[in-house]
Amino acid sequence: MEKMADNYYRFNESKSPSEGVKVDFRVDKIDGEDLDTEVELKGRFAIIGHERGEFLERLGNLIDEFRI
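Structure below.
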């Protein structure tokens, strides 16, 4: 955990929510509370080709739901 200022820290965390997919988080912890989090998503997997549009729409909606 890196100290940015008094009561302000930053740390990194990695998770794998699905096989072949990795999510890297950069979390700002201010006054003991995890606040802003930067997200980087990496992965390689296959989807059904004719469902690309639905996949992108659902992924976009999920991102927009949680975006600040």
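Numbering (the numbering used here), first residue to last: 90 to 157. Ideal placement from N, C-alpha and C gives every residue a C-beta, glycine not left out.
Proximity winner among the options, relative to residue i (alpha-carbon distances)
{"i": "Glu108", "options": "Leu148, Glu140, Phe134", "result": "Phe134"}
{"i": "Met90", "options": "Arg115, Lys104, Lys111", "result": "Arg115"}
{"i": "Ile119", "options": "Asn150, Lys92, Glu154", "result": "Lys92"}
Straight-line gap, residue i to residue j (C-alpha atoms, nearest Å)
{"i": "Phe100", "j": "Asp123", "result": "10 angstroms"}
{"i": "Arg156", "j": "Arg147", "result": "14 angstroms"}
{"i": "Glu140", "j": "Ser103", "result": "28 angstroms"}
{"i": "Ile152", "j": "Gly121", "result": "25 angstroms"}
{"i": "Thr132", "j": "Val112", "result": "Sequence check: residue 132 is Gly here, not Thr. Each residue's alpha carbon lies about 9 angstroms from the other."}
{"i": "Phe144", "j": "Tyr98", "result": "35 angstroms"}
{"i": "Ser105", "j": "Glu127", "result": "16 angstroms"}
Reduced DSSP category for residue i - H, G, I as helix; E, B as strand; rest coil
{"i": "Arg147", "result": "helix"}
{"i": "Gly132", "result": "strand"}
{"i": "Glu91", "result": "strand"}
{"i": "Asp117", "result": "strand"}
{"i": "Glu102", "result": "strand"}
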